[in-house]
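Notes for the one structure printed next.
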Amino acid sequence: MIEIVSQPTAVDFSAQINSALPTDLPMLFTSKGNIPCDALRYETEWVTDQRYIIFCERWFLVDELVKSNSHVYGHNPIDGIQSVQQSF
Amino acid sequence: MANSAGLCYSFKTELLDGIHAFGASVVRAATTADTFYGALFLASGSLSPSTTTAYSVTSEVPNSGTYAAGGQAVTNATAPTQTAGTVYWTPSGNLSWTGFTGTAFDTVLIYNNTAASKNAVGVFTFSTQTITAGTFTLTMPTNNNTTGLVRLT
Numbered sequence: 006m007i008e009i010v011s012q013p014t015a016v017d018f019s020a021q022i023n024s025a026l027p028t029d030l031p032m033l034f035t036s037k038g039n040i041p042c043d044a045l046r047y048e049t050e051w052v053t054d055q056r057y058i059i060f061c062e063r064w065f066l067v068d069e070l071v072k073s074n075s076h077v078y079g080h081n082p083i084d085g086i087q088s089v090q091q092s093f
Numbered sequence: 398m399a400n401s402a403g404l405c406y407s408f409k410t411e412l413l414d415g416i417h418a419f420g421a422s423v424v425r426a427a428t429t430a431d432t433f434y435g436a437l438f439l440a441s442g443s444l445s446p447s448t449t450t451a452y453s454v455t456s457e458v459p460n461s462g463t464y465a466a467g468g469q470a471v472t473n474a475t476a477p478t479q480t481a482g483t484v485y486w487t488p489s490g491n492l493s494w495t496g497f498t499g500t501a502f503d504t505v506l507i508y509n510n511t512a513a514s515k516n517a518v519g520v521f522t523f524s525t526q527t528i529t530a531g532t533f534t535l536t537m538p539t540n541n542n543t544t545g546l547v548r549l550t
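First to last, the sequence lines map onto chains A and B. Going letter by letter, the first sequence gives residues 6 to 93 in this note's numbering. Going letter by letter, the second sequence gives residues 398 to 550 in this note's numbering.
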């Protein structure tokens, strides 16, 4: 007896994506849920140090912080460990 | 050609590869590289190179988004390398957490997750960060003898 098992097929969302109306608003996920990008104020900040560079992004709804990202680049993060052999 | 004194460059590499044990060591279960993790800690914590010996949940940031206690495995695709007498090792991938909300953290601890005691490797601090429903990324330095994450000079 041969058992035929149907394989799940991938769902194609391209039609829905392509049918997006020009009036659809781009949204951003925030602590207040999805909010139109246009409603948010966007700020960036760079923090530099000898050991790292940090790029911060912040989105505000009026004056309330509702989303933030930080990206830390440790370009010289930890001092090297020095190994020394004592002379006789 | 004269003789010259100094710690052998090969020895420094072998230290990072776990070849030598001048003191009591552990029985290793395999000859493969260990797995290392990176975990985030609050600015109110007290981690330091002199006092931190192993991973502990004390002062770790709470679970949020893709962040779970213990942190994230670091990609280790490049073995320790020696250039001009300095042996260095750097994770070959970045650490990143998404959908993450964390308040006032400033430290990443890299530790050995294969070791039963979760032995610490290094403490890396940066300015205090607060992330709201966002992404936190720690981009690793260039893996060379002057900027690598772990360097024996």
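For every residue, glycine included, the Cβ atom is placed at its ideal position computed from N, Cα and C. On a predicted model such as this, the values are computed, not experimentally measured, just so you know.
Asked	Found
Out of B:F533, B:F408, B:L404, which has the shortest C-alpha to C-alpha gap to L492 (chain B)?	B:F533
Are the region 457-476 of chain B and the region 502-515 of chain B touching, with three or more C-beta to C-beta distances below 8 Å?	yes
Let me know the secondary structure DSSP gives K409 (chain B) once reduced to three states.	helix
Please work out which residues of its chain come closer than 7 Å, Cβ to Cβ, to N400 (chain B), disregarding the five sequence neighbours upstream and downstream, and give them in chain order.	none
Could you give the first and the last residue of the continuous beta strand (DSSP E) run that contains P538 (chain B)?	No beta strand (DSSP E) contains P538 (chain B), which DSSP labels as neither H nor E.
Classify D43 (chain A) as helix, strand or coil using the three-state DSSP reduction.	helix
Would you mind working out which of B:G403, B:A402, B:L412, B:M398 sits nearest Y485 (chain B), comparing C-alpha positions?	B:L412
Take P477 (chain B) and list the residues in its own chain whose beta-carbon comes closer than 6 Å to its own, dropping the five residues that flank it on each side.	T410, L413, V484, W486
What in chain B is Cβ-close to T35 (chain A), meaning under 8 Å?	T529, A530
Find the residues of chain A that neighbour T536 (chain B), judging by a C-beta separation of less than 8 Å, and give them in chain order.	H76, V77, Y78, G79
Quick check on F419 (chain B): does DSSP put it in helix, strand or coil?	coil
Round the Cβ separation of L444 (chain B) and V458 (chain B) to the nearest angstrom and send it over; I've been treating them as touching at under 8 Å.	About 12 Å; that fails the 8 Å criterion.
For the beta strand (DSSP E) containing V547 (chain B), list its first residue and its last residue.	547-549
Quick one: any contact between the region 518-529 of chain B and the region 55-75 of chain A, if contact means 3 or more CB pairs under 8 Å?	yes
Do you know how far the Cα of R63 (chain A) is from the Cα of N39 (chain A)?	15 Å
From the DSSP output, in three-state form, read off A466 (chain B) for me.	coil
Taking only runs of the beta strand (DSSP E) that begin and end inside the region 453-529 of chain B, which ones reach a length of at least 3 residues, in chain order?	478-480, 483-486, 492-509
On the criterion of 16 or more Cβ atoms from any shown chain inside 10 Å, does S73 (chain A) qualify as buried, or is it exposed?	buried
Taking only three categories from DSSP, how would you classify H80 (chain A)?	coil
DSSP three-state call for V424 (chain B): helix, strand or coil?	coil
Assuming T375 (chain B) contacts N542 (chain B) under a Cβ cut-off of 8 Å, what Cβ separation, rounded to an integer in Å, is found between them?	With chain B represented from 398 up to 550, any question about residue 375 (chain B) goes unanswered, as that position is not in the structure.
So, helix, strand or coil for A440 (chain B), using DSSP?	coil
Figure out for me which residue from B:S461, B:G519, B:P446, B:T475 has the closest Cα to the Cα of W494 (chain B).	B:S461
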